[in-house]
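*Asks:*
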Amino acid sequence: MTEMAPVTDASTAAPAPAPKQMVLPDAQTVTDVQHYTDRLFSFRTTRPASLRFRSGEFVMIGLMGDPDPKTGKQKPLLRAYSIASPSWDDELEFYSIKVQDGPLTSRLQHIQPGDQIILRPKPVGTLVHDALLPGKRIWFFATGTGFAPFASLLRDPQTYEDYDEIIITHTCREVGELTYGADLIESIRGDEMLAELMGEGFHEKLRYYPTTTREESPKMGRITDLMRSGEVFEDLGVAPLCPENDRAMICGNLAFNLELKDMLEEYGLEEGANSDPKQYVVEKAFLD
Ligand SMILES: Cc1cc2nc3c(=O)[nH]c(=O)nc-3n(C[C@H](O)[C@H](O)[C@H](O)COP(=O)(O)OP(=O)(O)OC[C@H]3O[C@@H](n4cnc5c(N)ncnc54)[C@H](O)[C@@H]3O)c2cc1C
Ligand SMILES: NC(=O)c1ccc[n+]([C@@H]2O[C@H](COP(=O)([O-])OP(=O)(O)OC[C@H]3O[C@@H](n4cnc5c(N)ncnc54)[C@H](OP(=O)(O)O)[C@@H]3O)[C@@H](O)[C@H]2O)c1
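Counting in the numbering used here, the sequence shown runs from 530 upward without gaps.
1. With DSSP run on the structure shown, which of helix, strand or coil describes V761?
2. Between the beta-carbon of L656 and the beta-carbon of G801, is there less than 8 Å?
3. Note down the Cα distance separating R822 from E622, rounded to an integer number of angstroms.
4. Got a sec? Which residues, its chain only, sit under 7 Å from G710 by beta carbon, not counting five neighbours each side?
5. Confirm, please, whether the CB-CB distance from Q557 to L637 is below 8 Å.
6. So, at 6 Å on beta carbons, what are the nonlocal neighbours of M778 in its own chain, with the 5 sequence-adjacent residues on each side left out?
7. Taking 8 Å as the cut-off, does the segment 628-642 touch the segment 576-586 (at least 3 CB pairs, one atom from each stretch)?
8. Any idea if P615 is buried or exposed, counting beta-carbon neighbours within 10 angstroms, 16 or more meaning buried?
9. Please classify D512: is it buried, with 16 or more other beta-carbons within 10 angstroms of its beta-carbon, or exposed?
10. Is it true that the CB of V562 sits closer than 8 Å to the CB of F570?
11. Please return the same chain residues whose Cβ sits closer than 8 Å to the Cβ of R502, not counting the five positions on each side in sequence.
12. Which stretch, first to last residue, makes up the alpha helix (DSSP H) that contains D775?
13. Compare the C-beta of D659 against all C-beta atoms of chain D and say whether one is closer than 8 Å.
14. In this structure, what does DSSP give as the bridge partners for F670?
15. So, are the CB atoms of S625 and P678 less than 8 Å apart?
16. Which of the three DSSP states is assigned to G591 in this structure?
17. Is it buried or exposed for S681, if we count other Cβ within 10 angstroms and need 16 for buried?
18. For the beta strand (DSSP E) containing Y709, list its first residue and its last residue.
19. Kindly examine ligand 1 and report whether one of its heavy atoms sits closer than 7 Å to the Cβ of Y624.
20. Spatial neighbours of D567 within its chain, please: CB distance less than 8 Å, with the 5 preceding and 5 following residues excluded, ordered by chain position.
Written out as structure tokens, the structure reads:
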């Protein structure tokens, strides 16, 4: 039986919305938006067919800026963003702060599915597997939105192929700021497609260590302090880091990056780069 098409009165029916035009340079369309707190949200966009990137890299994204009062011309307002989706994903994902008076994120936080953003398709960055020498265990150390590049790397099969154990630590001020990361870890553990790609039981290699500093949670404290006291190693039942076995990637605020970098050097690890792979790499989650 064929279904009847609904009868509409042409004189009262609302006009069909006009298809959105690709008016922005390097435009991509937003496909999904999730809000976590009044300071954090994530969104997904279409991916340019030609965009190739390595999990952990960042790109410049943004919106058109306000018109210049003199010339009326608009320039793109761009900021660095880690790609939070893995390199095999058909779409791109980003995990973002909302800075209420931030030039970009005061506006970006209001995007909706169907809207467009600008994406410059030139991925770069140091948080890539190529910048590390082979090792047994990898540590991903994040604060705040510094979780984003690890959201990509944690969904990359190479992470599980290259290491026996993957430890992700995430330190935030408040419990609600852990949600994006906690949900992602949960989804990785239950993802059948990832299990098919990476092998059944791959997620047993993954250890998640969330901590908060300003709101009560099961594990409180800065990760740096928990390492100094030895608590994190006791909790996880692993030895402190050593240059033979351990590799690390750091992504957080500047003070955290510098403090942890010094600590890793004290453990005997050396900083690597794309052109000179070593035992750890570091990248800012934001400039300050
Ligand atoms: C390599 C790199 C990668 C980055 N990746 C991301 C990412 O994946 N997600 C993301 O949200 N931001 C990321 N940032 C920061 C991002 O580029 C912008 O700073 C941020 O989007 C705010 O833009 P804005 O124009 O609203 O404010 P801005 O003028 O850029 O920043 C205003 C102030 O807000 C604070 N701030 C900015 N970004 C953050 C943040 N992420 N977390 C906490 N405080 C912040 C700082 O105090 C800063 O001085 C990255 C920065 C760098 C350098
Ligand atoms: N509601 C608001 O308006 C609001 C709320 C939060 C933040 N902010 C502002 O937003 C900006 C970013 O805040 P954020 O919370 O995303 O990032 P953040 O200040 O970098 O803090 C993220 C986490 O990193 C920890 N940390 C900071 N320095 C460290 C170090 N040297 N070693 C180890 N851990 C360290 C913090 O612990 P500590 O808590 O011990 O510092 C916190 O748990 C700040 O400028 C802040 O003033 C605004």
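Cβ coordinates follow ideal geometry from the N, Cα and C atoms, glycine included.
*Replies:* According to the structure shown:
1. helix
2. no
3. With the chain represented from 530 up to 817, any question about residue 822 goes unanswered, as that position is not in the structure.
4. F676, H699 and P739
5. no
6. L656, F669 and V810
7. no
8. buried
9. The shown model of the chain, from 530 to 817, leaves out residue 512, and the question about it has no answer.
10. yes
11. There is no way to answer for residue 502, as the model of the chain reaches only from 530 to 817.
12. That residue, D775, is in no alpha helix (DSSP H); its beta strand (DSSP E) goes D775 to G781.
13. Considering every chain present, this structure includes no chain D. It has just one protein chain.
14. T698 and I779
15. no
16. strand
17. buried
18. Run containing Y709: none in the beta strand (DSSP E); it sits in the alpha helix (DSSP H), T708 to G719.
19. yes
20. K627
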